[in-house]
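Undergrad:
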Amino acid sequence: MPPPESIAINAATRLCAVFGSPIRHSASPAMHNAAFAALGLNWRYVACEVDPKNLRAAIEGAKTMNFAGINLTVPHKLLAVDMVDALDASAKKWGAVNTILFNEKGATGFNTDADAIVTSLREDLKVELRGAKVLLLGAGGAGRTAALKLAAENVAELFLVNRTRSKAEEIAAEIKKQFPTVKVSVGHPKSDADLILNATSLGLKADDASPLDEKQFSLKQTRAVYDMIYRPAETKLLAAARVAGCKTANGLGMLLHQGAKAFEIWTGKPAPLDVMRRALVENIYGGAKS
Ligand code: ATR
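So for the sequence shown, the working numbering puts the first residue at 6; every next one is plus one.
#1: Starting from residue 150, trace the alpha helix (DSSP H) both ways and give me its first and last residue.
#2: According to DSSP, is residue 209 part of a helix, a strand, or is it coil?
#3: Look at the alpha carbon of residue 208 and the alpha carbon of residue 109, and state the distance between them as a whole number of angstroms.
#4: Whole angstroms are fine: how far does the CA of residue 201 sit from the CA of residue 173?
#5: Measuring CB to CB, does residue 304 end up less than 7 angstroms from residue 205?
#6: For residue 290, name the three-state secondary structure that DSSP assigns.
#7: With respect to 6 angstroms, is the separation between the Cβ of residue 168 and the closest non-hydrogen atom of the ligand ATR below this value?
#8: CB residue 55 to CB residue 42, shorter than 7 angstroms?
#9: Grouping DSSP H, G and I as helix and E and B as strand, with all else coil, what is residue 198?
#10: Assuming residue 163 and residue 155 form a contact by the criterion Cβ under 8 angstroms, report the distance between their Cβ atoms to the nearest whole angstrom.
#11: Terminal residues of the continuous beta strand (DSSP E) containing residue 162?
#12: Is there contact between the segment 226-237 and the segment 249-267, where contact requires at least three CB pairs shorter than 8 angstroms?
#13: Pick from 23, 73 and 66: whose alpha carbon is nearest that of residue 17?
Here it is as structure tokens:
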């Protein structure tokens, strides 16, 4: 079926945008514009290169110009917490804003990333998180959100590994305080795990090493591996995991579900998930991966 025609831009067109730096390779415009067209909405979504020092002015500008909403990506998600008029419970809970809704109440910040991680893990890997043993690689912004969300999902044990150990230790301390029933430690598991989750940026570049030190923990010791990276479709970690017989998935599902939730927050309509997934696959892999 050919993609639906979008309604021509006119004086009634509603605008959404993603602010980030760098932003040139964002797939979000393709995903959201396909969804607007599929639902016959006279809306458009653009990508704006916004330097962190101008983020407050950019958010104010979008609000003043009556944008419907915006997404925020690297490096804006933490900064924006102090730049909105109100925080939804999701943004308060995860301490980061990736979606803003503009309406008569002003700018309200949401976080749609945390739920998207879990939705994608369940959908793409069919892992049961409650009671699971998880090795999480990375303790940056994405790693922190993933660690807290996994703890909130009642995983049994969480092992945190990061190049800068102190950042993993900080997250472990936070989890001990907020989720005392979850066993959290810094370092690799001594026995098998149910899932390895990569939240580092290692794998984005072709010559990057694998984020997993296989001398410390073998891929044979886990059933499933998720890489938040979706470009390339198969990182070195995922390729090795596939060869080792693990179930694998990349971060496309996470990108999809955070976008779908943002779409619903802005439009009040159910997101057309299939349309959005197809648009992402086409935009990122040129339609080569279904
Ligand atoms: P994001 O918001 O995507 O999480 P980030 O906060 O910059 O981005 O975090 C990047 C993550 O990748 C961190 O865990 C980082 O490790 P450090 O905390 O030690 O910086 C990890 N990372 C980036 N480059 C790395 C490398 N060359 N080797 C190992 N880990 C790396």
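In this text, a Cβ means the ideal position worked out from N, Cα and C, and glycines have one as well.
TA: This is what the structure holds:
#1: 146-157
#2: coil
#3: 42 angstroms
#4: 15 angstroms
#5: Any property of residue 304 remains undetermined from this structure, which presents the chain solely from 6 to 295.
#6: helix
#7: yes
#8: no
#9: strand
#10: 6 angstroms
#11: 162-166
#12: yes
#13: 73
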